[in-house]
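What follows is a short report on a single structure.
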Amino acid sequence: MTDHYETLGVARDAGQDEIKKAYRRLARELHPDVNPSEDAAERFKTVTHAYDVLGDPQSRAEYDRGPSAGAGAFGFGDIFEQFFGGGRSQGPRSRRQAGQDSLLRVDLDLADVVFGVHRELRVQTAVLCETCGGACTAPGTNPERCSMCGGSGHVQRQVRSLLGNVVTSQPCAVCQGYGTVIPHPCQTCAGHGRVRAERTIPVDIPAGVDTGLRIQLPGQGEVGEAGGPAGTLYLEINVRHHEVFSRSGDDLLATLEVSMPDAALGARARVEAIDGPVEVEVRPGTQSGDVLTVADRGVTRLRGAGRGDLKLGVQVVTPQRLDRRTEELLRELRDRTKAPAPHLAQFKQGLFAKMRDRLRI
Numbered sequence: 000m001t002d003h004y005e006t007l008g009v010a011r012d013a014g015q016d017e018i019k020k021a022y023r024r025l026a027r028e029l030h031p032d033v034n035p036s037e038d039a040a041e042r043f044k045t046v047t048h049a050y051d052v053l054g055d056p057q058s059r060a061e062y063d064r065g066p067s068a069g070a071g072a073f074g075f076g077d078i079f080e081q082f083f084g085g086g087r088s089q090g091p092r093s094r095r096q097a098g099q100d101s102l103l104r105v106d107l108d109l110a111d112v113v114f115g116v117h118r119e120l121r122v123q124t125a126v127l128c129e130t131c132g133g134a135c136t137a138p139g140t141n142p143e144r145c146s147m148c149g150g151s152g153h154v155q156r157q158v159r160s161l162l163g164n165v166v167t168s169q170p171c172a173v174c175q176g177y178g179t180v181i182p183h184p185c186q187t188c189a190g191h192g193r194v195r196a197e198r199t200i201p202v203d204i205p206a207g208v209d210t211g212l213r214i215q216l217p218g219q220g221e222v223g224e225a226g227g228p229a230g231t232l233y234l235e236i237n238v239r240h241h242e243v244f245s246r247s248g249d250d251l252l253a254t255l256e257v258s259m260p261d262a263a264l265g266a267r268a269r270v271e272a273i274d275g276p277v278e279v280e281v282r283p284g285t286q287s288g289d290v291l292t293v294a295d296r297g298v299t300r301l302r303g304a305g306r307g308d309l310k311l312g313v314q315v316v317t318p319q320r321l322d323r324r325t326e327e328l329l330r331e332l333r334d335r336t337k338a339p340a341p342h343l344a345q346f347k348q349g350l351f352a353k354m355r356d357r358l359r360i
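All residue numbers for the sequence shown refer to numbering that gives the first Met the number 0, where the first residue is 0 and numbers rise by one.
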C-alpha cells in the first residue's frame, strides 16, 4: 500500500505547513500543464490524493490510526457497491444551465386596459453571446478534456478509517466537475456564453388586466450559462390612478355633478367617457347617490366577451352664491313645495360605497 508521507517526501511527524509546502512543490513539477508526460500525470494524481488525506487533520488522524482489524479493506464505497450498486461517481455536469426568471413592472393608464395596448418593452437582461454563440470558447477553439479527471468530472478520494478504506467521489477541482477545461475562453463573454445587454420585447397586453396581475412570457427571461434556455419574463401590471374614473371589476365608476334645477326638472347631457362621448339622461327628481348606468361602456372583460358598464353616481350641486332674484325664487319654491325643515333621517352610506353595494345585489 502506498505511504502518503513517502509520496509527499515528508516525515510522519511533519507539520501541516510542511505538508502543504511539499505538495505545492511537487504540484508545480508534475502538473499536466507543465509536464505533459503520462508518468507525471499519474504521479500528480497520486500526490494530489496524498495531500487530500494528509492536508486535512481529521482524515490524517484516521489514516495514522490505520485500518480496523474487523473491517479490513472493506469500506463505505464497497458497502454501497455491494448493497445498492452505487459508489461510482456520476458523469460530468453540463456547462449549459437554464436561465433565471425575470420580473418587470409595467405601468398602464386606465384607458390602456379598456381595449388592451401594444408595448415595446426595453429590458436589461442576459442574452446569448454573439461572438461564441454560447460555446464559451474563443472562435476557432474548443473545450479540452480535463487531464486531472480524464473527462469524468470527478476524482476519487481514498481515506483510511476505522472501517477500512473509504472511497468517495468529489467534483474535480481543476474543471469544477465539467470534465473539460477552456484554455481559450471567449473574450466577449469571458467564457460564460452570455452577456448583459438591452433588448426590446414587443408585447400585446390584453384588455381587462388589473393591478397585481402577472403576465408570463416563457423564453423571454435571462439566457442561461453557456447559452442555456432562457427563463420566463413576468410582467407585473400596475394601473395608474385616474382623476375622473375608478374601476370596480369590469365596471367604470365616475361622479356626475348635476345642478339642483336639472336634478329637479330633468335634463339630457353629453359627457366624455374614457373612450369617447356618451349621452346620459337625468330624470326629474334625481337625488344625490342615484346611479345612472351606461351599458357596455366599461372595461373589456379579460376572460370573456363584451364589456362592463359605466356607472355614474349623481351628486346634486347646491349653489353657494345667490343673487337677490334667485334667492327670492328659491324661497318661493320652498314655500310652494312645503319643504320640511332639516331633520335626522336613516343613516346612509357614502356615494360610492352605496354604489358598490348595489352592484353586489
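Yeah, the Cβ is synthetic: ideal placement off N, Cα and C, and Gly gets one too.
Going straight from the alpha carbon of residue i to that of residue j, what length do you get?
| i | j | result |
| --- | --- | --- |
| His240 | Thr285 | 29 Å |
| Arg11 | Arg59 | 10 Å |
| Ile18 | Pro182 | 30 Å |
| Gln155 | Leu7 | 18 Å |
| Ala294 | Arg118 | 29 Å |
| Thr47 | Pro142 | 24 Å |
| Gln319 | Asp209 | 40 Å |
| Ala49 | Ala196 | 46 Å |
| Thr199 | Val126 | 12 Å |
| Glu80 | Cys148 | Residue confidence is low: Glu80 scores 40 on pLDDT, short of 50, so the model does not pin down where it sits. No coordinate-derived value is stated. |
| Gln15 | Gly133 | 43 Å |
| Arg42 | Pro56 | 23 Å |
| Val202 | Ala272 | 27 Å |
| Ile78 | Thr167 | Any reading at Ile78 must be qualified, since the residue scores a pLDDT of 41, below 50, and its modelled position is unreliable; no value is offered. |
| Ala137 | Gly218 | 26 Å |
| Leu329 | Leu120 | 59 Å |
| Gly150 | Arg94 | 13 Å |
| Pro339 | Glu331 | 14 Å |
| Gly407 | Ala13 | The first residue shown for the chain is 0 and the last is 360, placing residue 407 beyond what the model contains. |
CB residue i to CB residue j, shorter than 8 Å?
| i | j | result |
| --- | --- | --- |
| Val105 | Glu235 | yes |
| Val122 | Leu102 | no |
| Leu309 | Leu255 | no |
| Val298 | Arg213 | no |
| Gly98 | Pro228 | yes |
| Ala225 | Cys135 | yes |
| Val281 | Gly265 | yes |
| Arg296 | Val277 | yes |
| Asp100 | Tyr233 | yes |
| Ala262 | Val315 | yes |
| Val270 | Gly288 | no |
| Glu221 | Thr124 | yes |
| Leu109 | Val116 | no |
| Ala253 | Leu343 | no |
| Met259 | Thr317 | yes |
Can you list, in chain order, the residues of its chain whose CB lies under 7 Å from that of residue i, leaving out five sequence neighbours each side?
| i | result |
| --- | --- |
| Gly152 | Gly90, Pro91, Arg92, Pro170, Cys171, Cys174, Gly176, Tyr177, Gly178 |
Please list, in chain order, all residues of the same chain as residue i whose beta carbon is under 8 Å from its beta carbon, the five residues on each side excluded.
| i | result |
| --- | --- |
| Thr187 | Cys128, Glu129, Thr130, Cys131, Val194 |
Starting from residue i and walking both ways along the beta strand (DSSP E), at which residues does that stretch end?
| i | result |
| --- | --- |
| Ala196 | 193-204 |
| Leu7 | Note, Leu7: premise wrong, no beta strand (DSSP E); alpha helix (DSSP H) at 3-7. |
| Pro217 | 213-217 |
| Asp55 | Element bounds for Asp55: n/a, residue is neither H nor E. |
| Asn237 | 231-238 |
| Ser245 | 245-247 |
| Glu278 | 275-281 |
Is any heavy atom in the ligand ZN found nearer than 7 Å to the beta carbon of residue i?
| i | result |
| --- | --- |
| Ser58 | The ligand ZN is not part of the structure shown, which contains no ligands of any sort. |
Along the chain, where does the alpha helix (DSSP H) containing residue i start, and where does it finish?
| i | result |
| --- | --- |
| Ala21 | 15-29 |
| Asp261 | 259-264 |
Taking 6 Å as the limit between beta carbons, can you name the residues of its chain near residue i, skipping five residues before and five after?
| i | result |
| --- | --- |
| Leu301 | Gly207 |
| Ala39 | Leu29 |
Q: Quick one: which unbroken alpha helix (DSSP H) runs of 4-plus residues sit fully inside the segment 88-149? Chain order, please.
A: 109-114
Q.
Could you tell me which whole alpha helix (DSSP H) segments of length 4 or greater appear in the segment 286-350?
A. 323-336
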